[in-house]
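Below is one structure, written out as structure tokens, with a few remarks after it.
Protein chains: 2
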Amino acid sequence: MPLGISLLEAARKAGAGIQSICGGKARCGKCTVVVRQGSELLSSVSESEFKFLSQAELATGYRLACRALVTRAGSIIINIPMETRIGRHRLLVEGIEVPMELSPIVKKFVVKMPKPTLVDIMPDMERLIEALKGSRETEELHLDYEALKALPHVVREGEWTATVTLWSGREVVCVEAGSTAHRLYGVAVDIGTTKLACYLVDLNTGKILATTSSPNPQIPYGEDVISRITYSSESAQHLAELQGVIVGGINKLISEACEKAGVKSEEVYDMAVVGNTAMHHIFLSLNPKYVSLAPFPAVTGGSLNVKARSLGVRINRGAYVYTMPCVAGFVGADAIADMLATEIHRLNELSMCIDIGTNTEIMLGDERKLMACSCASGPAFEGAHVKHGMRAATGAIERVFIDPETLEVTYRTIEDAKPRGLCGSAIVDVVAEMLKAGVIDRSGKINTKFETARLRVKDNIMPELVIAWSNETEGGDDIVITQRDVREIQLAKAAIYTGASILMNKMRVTAADIKHVFIAGAFGTYVDPRSAKVIGMYPDVPLDRVKFVGNAAGSGARMALTSVKARKLAEEIRAKVEYLELGADPEFEGEFTKALFFPHLELDRFPNVRRMLGL
Amino acid sequence: MPLGISLLEAARKAGAGIQSICGGKARCGKCTVVVRQGSELLSSVSESEFKFLSQAELATGYRLACRALVTRAGSIIINIPMETRIGRHRLLVEGIEVPMELSPIVKKFVVKMPKPTLVDIMPDMERLIEALKGSRETEELHLDYEALKALPHVVREGEWTATVTLWSGREVVCVEAGSTAHRLYGVAVDIGTTKLACYLVDLNTGKILATTSSPNPQIPYGEDVISRITYSSESAQHLAELQGVIVGGINKLISEACEKAGVKSEEVYDMAVVGNTAMHHIFLSLNPKYVSLAPFPAVTGGSLNVKARSLGVRINRGAYVYTMPCVAGFVGADAIADMLATEIHRLNELSMCIDIGTNTEIMLGDERKLMACSCASGPAFEGAHVKHGMRAATGAIERVFIDPETLEVTYRTIEDAKPRGLCGSAIVDVVAEMLKAGVIDRSGKINTKFETARLRVKDNIMPELVIAWSNETEGGDDIVITQRDVREIQLAKAAIYTGASILMNKMRVTAADIKHVFIAGAFGTYVDPRSAKVIGMYPDVPLDRVKFVGNAAGSGARMALTSVKARKLAEEIRAKVEYLELGADPEFEGEFTKALFFPHLELDRFPNVRRMLGL
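Spelled out as structure tokens, the structure:
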């Protein structure tokens, strides 16, 4: 390795992309890496690094890659955090993976039966079950009614060789002619208030074959869960309508995923679904009315297995749909999936998990005790309610840097395409950068006094900052962030932090006690944890304790799809979690008002941000 | 009791109707009674009685009521066999009843739940199950999906008191607001090839509340099972069509029965169904194709519990439909029901059970060994394929006597109404009387040489006997029995006797070994066992060994409806019965040809009939 070059250049030469929005000028602070070995071979920590990194972070090896120069020859190993990486692999479509033993609830068995004769007229079903039992230990077996109806044709078509799909070791959900054991698929579905995600998984290998997603088609009935609950509670027809709409959307995603992977929808033998309590109830045609009325009881909290055909889900006729348990109120199956995926119920260190969405679920605890709450944070971080917000697709701006001196804006887009809008991670970046550059004050007000064309007051009413000029953008219009956008973000982050702080109060812990903060959500790309901390979205903990885990709910759903152990764990988690109804908490109003400030009215709670902002 | 009068008069004075078609002239032999006590107070056995009754019968106390005169004062107790009685109670709508402990598979429990509060937000389902478990021992409970959907409304409507209908101790199939424990109903349905029968039963008492019946609406698709199997095997649409038709007919009967009894169809929480294998398969949408192709395997032989809603049966949304097990070939659930109702699987004496219908099932055996077969006997005994045949309704001729000297015909109709046709019991009577009077010879040929206007040759082709003249009948036309009618009966009885005789050969027994003959079937009234024996319908055994049990299949269905023990017994019977495929038996042709004669080509097999006919 040539001496004198920075880690930024060295990594690029080694083929590993590290992002640097400001072009290696130590201004954006986005090229953070962690030096695991060989720190003694690097230049000493520079002044800019002291600005962007806390003492704790520096102590654990954090450096700015543009400032750490290789001064001596030797072996250097660095860890590039996901949010610092460049390229497609930063797209957070699939979330994290927790290794689990592959043990899907459906298994295939090839059975060979003797052909019936005049001295052996055993009926088809008994013949099949006899042959199936011969090959394995089992107590009582029964056939799904639809599988039974197909049976006489199937066993003869396969000349008395058939493949049985056995659910939970006791129900034959499908019988196919001949040997089809190599084709065993399942889907995991995450029903977000704003977004649906669908994962097609090969249940013989555990591998994801295709991922599809779309906006939740219920959005026209209301963007938030309350409007949808209200609508579906009005009549049985309304509930059926919303259920039909969501199932229609899911069927479309399943069909797209199957087409991508060359799988037939009838080869999908199991499905695992997660979603908040309202989405869970509507998907199952369970009236969600009382979930929104004090004391907010759910219709059911346990996991369910309902026949796909009863729900209108178009997969194999005999297949079950598994829905993960719900905690209570709006803390639903998605929260359990988050905990499953982050494993916070198993850690002996205190952890917080924040699943940011239109409804944000927050979980705090460890292997001994777990608490959870839900906040109505709105869809701002998902790109909705923000003037130029969009989902994380080609052309979405995902990283933003504002030069504090010139107020010049530098950005990076997904696939380096012409910018089309701002995705969630960029929205968080913009607000943090505006705060750092003084474009907004701690109350969120835009200061238009600066001398730059980028800052203007639209129609003499609405202050806004231009992120990308019309000549740079795909659509030919300026991409801006408005005062109203800032207010949306402010409300959203305040809702989230309020939940987090009340949970901390109940558990009698402070930010310093939290050893891990998992941030989940359908951002689509890795949010910059520094930006999120600067705006006060989560408690002020050192950077190395923060992990963005993407769509953890989807990861949890996939775990339940591929492992019966995960389903058992989900029940255990549900039994353990203590639910806190935020709306009923006396602290709520006061905490929320204070949390509206950036990062918070009480700066003592954010010592590192205070230092970074120079307050 | 005045001395000198006959038992016929004495019984009438005592209010007990004994039938006598010939008017007490000892010519019809239909006033048979059994003297249980006081035989020494009666006149000695007359010559006419020796003619109508065998030695064995006389020895067990049989007398003709018109000839047994009361000669001394004292207490006389007589038993009037069902077929000898007059009046409505002779109508065999409901079949026999076997006393069984009342233990339906569905039970109701009233549960009171604590109302949810902010400190007790247990979901509705878990709240219900907790409360239900509190009142009883149980392992695992789950809710039917439809019951779950209704739950949030129901528990609140009943102000946290609800009535749960529990199926098999493990599935909540229905939850109702408040206390409805006193209303628990079920239906038992017998699907005959030609006739449907439906019994609405109060499952709290075991009492039949209403009985409805109708022709099988599948008849337009073919009168015999083979044509219906052929039709439904042609395509999935055809099978669905026939299934829809049968379910439509059943729904109509359920709805009529519910209306009669003031019960709502959603208060029917369980249903038990019997029928031959073809009817069973079509009702369940199981392709019956292979049941009619050698080696004739069924799709399934075991009992099934399928959701009523999956079948289109309109009872409670969460209810199951139980189908009784099938033996094999065409010996189906109805045969198992027959055995259940007659208890031949429990007797230590050899018994035969003949269930006469379009398909006739014959069972022979005892507690050690049981064999069964099925014969295509056609619907003649059910009134079809007989020119003036009809079902047992008001105006149906049910008893016929032909004076052997004058050939004058005397008859009795149901409810003494003007005659409208001949029901099954009259058809059997007519042929037996024609044989006794010499109007037909043993080959079944009508002898038109007699000088009576009643015997004539229609259109110079078809000999016929007038049973009722046009001026006597409701319709204003003569009611006749034709040569073709006699041929139909002949074929039918030959088919039945052939099955019986082959079974006897296989079991290496003779008529003398058979201690009980149970004759079941949808005759609607009690067939005269003497007439049935004269034509050679069943082996020649003494009269006291013959019992007409009516719709025993319906009785068996009701037993399964009201008792889980009966369901267990049905499985035991199924495991025990050995099936004989008649069509594949080398004896069949020879036996059938001989059985075409009245009573049989080999008179040695019918010694009592030979004596009665003076041959």
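Just so you know, the protein sequences line up as chains A and B, in that order.
If you use this note's numbering, the first sequence closes out at 842, no skipped numbers anywhere.
If you use this note's numbering, the second sequence closes out at 842, no skipped numbers anywhere.
We treat Cβ as the ideally placed atom computed from N, Cα and C, and that holds for glycine.
Note that the coordinates shown come from a computational prediction; the quantities given were computed from them, not determined experimentally.
>> Is it buried or exposed, B:S462, if we count other Cβ atoms within 10 angstroms and call 16 or more buried?
In response: It is exposed - the Cβ of B:S462 has fewer than 16 other Cβ atoms within 10 Å.
> Nearest-angstrom Cα distance between A:V627 and A:T298?
Replying inline: 31 Å
> What is the DSSP secondary structure of A:F819, counted as helix, strand or coil?
Replying inline: helix
>> Can you confirm whether the stretch 733-750 of chain A touches the stretch 582-590 of chain A when touching is taken to mean that 3 or more C-beta pairs between the two stretches lie within less than 8 Å?
In response: Taking a cut-off of 8 Å on C-beta distances, the stretch 582-590 of chain A touches the stretch 733-750 of chain A, as three or more cross pairs fall below it.
> Alpha carbon to alpha carbon, how far is B:S460 from B:R397?
Replying inline: Rounded to the nearest angstrom, the two C-alpha atoms are 37 Å apart.
> Beta-carbon of A:C553 versus every beta-carbon of chain B: anything under 9 Å?
Replying inline: yes
> Do three or more CB pairs link the stretch 719-727 of chain B to the stretch 600-610 of chain B at distances below 8 Å?
Replying inline: yes
> Smallest Cα separation from A:L269: which of A:D593, A:I446, A:L235?
Replying inline: A:L235
> Helix or strand or just coil, what does DSSP make of A:H615?
Replying inline: coil
> In chain order, what residues of the same chain lie with their CB nearer than 8 Å to the CB of B:K434, ignoring the 5 residues before and after it?
Replying inline: V428
> Contact between the stretch 649-658 of chain A and the stretch 616-624 of chain A: three or more CB pairs below 8 Å?
Replying inline: yes
>> Please give the ranges of any beta strand (DSSP E) in the stretch 232-281 of chain A, keeping only runs that are unbroken, at least 3 residues long and fully inside the region.
In response: 259-264
> Taking the alpha carbon of A:D451 as the point to measure from, which residue in A:V666, A:K795, A:A505 has its own alpha carbon closest?
Replying inline: A:A505
> Got a sec: which bits of the stretch 380-405 of chain A sit with their beta carbon under 7 Å from any beta carbon on chain B, in order along the chain?
Replying inline: Within the stretch 380-405 of chain A, the qualifying residues are H380.
>> In the DSSP assignment, the beta strand (DSSP E) including B:P442 goes from what residue to what residue?
In response: 435-442
> Can you give the beta carbon distance from A:L368 to A:V402, rounded, assuming they're within the 8 Å contact cut?
Replying inline: About 12 Å separates the two Cβ atoms, so there is no contact after all.
> Which residue spans inside the stretch 280-360 of chain A form an unbroken beta strand (DSSP E) run of at least 3?
Replying inline: 289-291, 304-306, 333-339
>> Can you look up B:D767 in the DSSP assignment and give me helix, strand or coil?
In response: coil
>> Assuming B:P379 and B:T789 are in contact, meaning their beta carbons sit under 8 Å apart, how far apart are those beta carbons, in whole angstroms?
In response: Between the beta-carbon of B:P379 and that of B:T789 there is about 33 Å, and that puts the pair past the 8 Å contact cut.
>> Using CA atoms only, rank isn't needed, just tell me which of A:I303, A:I477, A:V382, A:S302 is closest to A:V338.
In response: A:V382
> By the criterion of Cβ-Cβ separation under 9 Å, what are the contact partners of B:F557 in chain A?
Replying inline: Near B:F557 there are no residues of chain A at all, since even the closest Cβ is about 12 Å away, more than 9 Å.
>> Between the alpha carbons of B:I673 and B:G841, how many angstroms are there, rounded?
In response: 19 Å
> With a cut-off of 9 Å, does the C-beta of B:K614 fall near any C-beta of chain A?
Replying inline: No, because no Cβ of chain A sits closer than 9 Å to the Cβ of B:K614.
> The alpha helix (DSSP H) spanning B:T457 covers which residue range?
Replying inline: 452-461
> Can you tell me whether DSSP reads B:F833 as helix, strand or coil?
Replying inline: Looking at B:F833 - three-state DSSP - the assignment turns out to be coil, as it is neither helix nor strand.
> Taking the continuous beta strand (DSSP E) assigned at B:A747, which residues delimit it?
Replying inline: 743-748
> Exposed or buried, A:H508, counting other C-beta atoms within 10 Å across all chains shown (16 or more means buried)?
Replying inline: buried
>> Let me make sure I understand the geometry here. Which of A:C255, A:L591, A:S519 has the alpha-carbon closest to that of A:L634?
In response: A:C255
> Listed from N- to C-terminal order along the chain, which residues in the stretch 525-549 of chain A have their beta-carbon within a distance smaller than 7 Å of any beta-carbon of chain B?
Replying inline: Hits within the stretch, in order: A525, V526, T527, G528, G529, V533, S537.
> Under the criterion of a Cβ to heavy atom distance below 8 Å, does B:P379 qualify as lining the ligand SAM?
Replying inline: What this structure holds is no ligand at all, so the ligand SAM is not there to describe.
> Since A:P444 meets chain B, which of its residues come closer than 7 Å, beta carbon to beta carbon?
Replying inline: Residues of chain B passing the Cβ test: none, with the nearest at roughly 22 Å.
>> Would A:D497 and A:V414 be called neighbours here (beta carbons separated by less than 9 Å)?
In response: yes
> Thinking just about the alpha-carbon of each residue, which of A:A644, A:N306, A:V693 is nearest to the one in A:V261?
Replying inline: A:N306
>> Determine, for A:N856, whether the minimum Cβ-Cβ distance to residues of chain B falls below 9 Å.
In response: Absent from the model: residue 856 of chain A. The displayed extent of chain A is 228 to 842, so no value can be given.
> When Cβ atoms are compared, which residues of the stretch 674-688 of chain A fall closer than 9 Å to chain B?
Replying inline: none
> Would you say A:E274 faces chain B, with C-beta separation under 9 Å as the test?
Replying inline: no
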